[in-house]
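J.:
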Amino acid sequence: MGRTFFVGGNWKCNGTREEVKKIVSTLNAGEVPSQDVVEVVVSPPYVFLSLVKGLLRPEFHIAAQNCWVKKGGAFTGEVSAEMLVNLGIPWVILGHSERRLILNESNDACICPLIPYIFSFQFVGDKVVYALSQGLKVIACVGETLEQRESGSTMEVVAAQTKAIAERVSNWANVVLAYEPVWAIGTGKVATPAQAQEPNTERDCKEGIFVDLVEINYIEGQVACYVTQPIEKLGTLGSVQVYLDIGLSHLSLEKGGDMPSHVVHFELRKWLQANTSPEVAATTRIIYGGSVSGANCKELAAQPDVDGFLVGGASLKPEFIDIIKSAEVKKST
Numbered sequence: 004m005g006r007t008f009f010v011g012g013n014w015k016c017n018g019t020r021e022e023v024k025k026i027v028s029t030l031n032a033g034e035v036p037s038q039d040v041v042e043v044v045v046s047p048p049y050v051f052l053s054l055v056k057g058l059l060r061p062e063f064h065i066a067a068q069n070c071w072v073k074k075g076g077a078f079t080g081e082v083s084a085e086m087l088v089n090l091g092i093p094w095v096i097l098g099h100s101e102r103r104l105i106l107n108e109s110n111d112a113c114i115c116p117l118i119p120y121i122f123s124f125q126f127v128g129d130k131v132v133y134a135l136s137q138g139l140k141v142i143a144c145v146g147e148t149l150e151q152r153e154s155g156s157t158m159e160v161v162a163a164q165t166k167a168i169a170e171r172v173s174n175w176a177n178v179v180l181a182y183e184p185v186w187a188i189g190t191g192k193v194a195t196p197a198q199a200q201e202p203n204t205e206r207d208c209k210e211g212i213f214v215d216l217v218e219i220n221y222i223e224g225q226v227a228c229y230v231t232q233p234i235e236k237l238g239t240l241g242s243v244q245v246y247l248d249i250g251l252s253h254l255s256l257e258k259g260g261d262m263p264s265h266v267v268h269f270e271l272r273k274w275l276q277a278n279t280s281p282e283v284a285a286t287t288r289i290i291y292g293g294s295v296s297g298a299n300c301k302e303l304a305a306q307p308d309v310d311g312f313l314v315g316g317a318s319l320k321p322e323f324i325d326i327i328k329s330a331e332v333k334k335s336t
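Going left to right, the sequence shown walks through residues 4 to 336 as the numbering used here numbers them.
#1: Is it buried or exposed, Cys16, if we count other Cβ atoms within 10 angstroms and call 16 or more buried?
#2: For Val82, is the classification buried or exposed, using 16 other Cβ atoms within 10 angstroms of its Cβ as the cut-off for buried?
#3: Buried or exposed for Leu104, please, with buried defined as at least 16 other CB atoms from any protein chain shown within 10 angstroms of its CB.
#4: Taking the straight line between their C-alpha atoms, what separation do you get for Val141 and Leu30?
#5: Write down the C-beta distance between Val45 and Val55 rounded to the nearest angstrom, noting that I regard them as a contact closer than 8 angstroms.
#6: I need the boundaries of the beta strand (DSSP E) containing Asn13, first residue and last residue.
#7: Considering only DSSP beta bridges, list what Leu97 is partnered with.
#8: Mapping the DSSP letters down to three states, classify Thr204 as helix, strand or coil.
#9: How many whole angstroms separate the CB atoms of Val179 and Phe9, which I take to be in contact at a CB cut-off of 8 angstroms?
#10: Which class does Ile326 belong to by DSSP, given the choice of helix, strand or coil?
#11: Which residue marks the beginning of the alpha helix (DSSP H) containing Phe126, and which one marks its end?
#12: Assess, as a yes-or-no matter, whether the segment 283-290 is touched by the segment 300-313 under the definition of 3 or more beta carbon pairs within less than 8 angstroms.
#13: If we ignore side chains and look at the alpha-carbon of each, how far apart do Leu139 and Glu153 end up?
#14: Express the C-alpha separation of His268 and Asp325 in angstroms, rounding to a whole number.
#15: Can you tell me whether DSSP reads Ile92 as helix, strand or coil?
#16: Going by C-alpha to C-alpha distance, which of Trp71, Phe124 and Gln306 sits closest to Ala162?
#17: Quick one: give me the first and last residue of the beta strand (DSSP E) that Ile290 is part of.
#18: For Val266, count the other beta carbons within 10 Å of its own beta carbon; 16 or more makes it buried, fewer makes it exposed. Which is it?
#19: Can you tell me the Cα-Cα spacing of Ser296 and Leu149, whole angstroms?
#20: Mind checking whether Val43 and Ile327 have CB atoms under 8 angstroms apart?
#21: Taking just the CA atoms, how far does Glu159 sit from Asn278?
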C-alpha cells in the first residue's frame, strides 16, 4: 500500500472570525481529489479551532499549531494535548521552526561553533512522544537554518532533529515528518526539484539545463554536476566537479553547500531505514514545507520521496485548492 499524499495548511497567527469563515467557505467549495488520494489537514489558531471544526467539510481534518510537553497544570498560556483531544482535534504540529527559533523551543545546545554541529533536541522529541501518548497524530517538523545550510550541515542538523524523535517513538503510524528548510519559509525561495531522476549528465550539463539556485540531478547517493549559476557562465563540463559526496556524516558540496529538498527527503528516508526500520522508512510520509505555491506544487509533488506539503501563506488563499490537487501527480507517476 502506497503512502497517501498529505497536505497540511498552517494558518499561523492569522485571521479574524470573518476571515476564517471566508477561508473555510473557499475550502468547502473546492473540488479536490478523494480521501484515498490525499489527506488534508488545516491548522487554524487555537481561538478558532472549534469554529473551524464546526464549519469545515468532514473529509478535511484539523490540527492545532502546538501543545504543551506534558499534562496540563500551572503553565500559563499553554494548551495541553488532553485539551485538544477533549475538543475533538485529531492533529497537532510540533517542532515548527518558528517555535524552535523565535521561542527557543528546541533547547539547541551547540557544543562547537564550527561544523559539525551537535545539537540536543530533546524538548521537541518529548512533546511528540507525549502528544502521541494522548492519542493525537503529529506533524513533526525538522529543518535547517540558512547558516547551517551554507556550512554544508543540512543533513547533520536534520538527522539530529529526527533522532530526538525517533529514539522516543516506537509507533510511527501517527507521525508525519515535515522537512521545512528555514531559509525557504515565507521567502518565496524553494529548493528546485531535479530535472530528471536518471539524467544523461554530460548532455544535460552541456545543454545548460541547470540554471537556478540549486538544480541538480540525483544518482545513487551522488550529486551530478552541481552548479549555482547557469552552466554557460562556468564554461565546459570540465570546470565543474561532476560528482560530489552528500553522505550523512559530512557534506562536501564545494560550490556552496546547498542541498535540494528532494535530496534531503531521500537522505531522510535512508536515515529512517538505517535507524528505525525498513517498514518505518517505507511507510512514513515525509512532506515538504517552504514557500510551496500553486505554481511549484506539481513539480515538487512529482519527486518520489516528497509525500505532500506543509503550506503556510498559500493555505490562506484559494490556491491552496490547487496545491491539494497536486496529489493527482502521484497517481500518474
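Cβ coordinates follow ideal geometry from the N, Cα and C atoms, glycine included.
T.: This is what the structure holds:
#1: exposed
#2: buried
#3: exposed
#4: 22 angstroms
#5: 7 angstroms
#6: Phe8 to Asn13
#7: Ala143
#8: Annotation note: pLDDT 33 at Thr204 (below 50); position unreliable, coordinate value reported separately. Three-state DSSP puts Thr204 in a helix.
#9: 6 angstroms
#10: helix
#11: Gln125 to Ser136
#12: yes
#13: 35 angstroms
#14: 22 angstroms
#15: coil
#16: Phe124
#17: Arg288 to Tyr291
#18: buried
#19: 21 angstroms
#20: yes
#21: 14 angstroms
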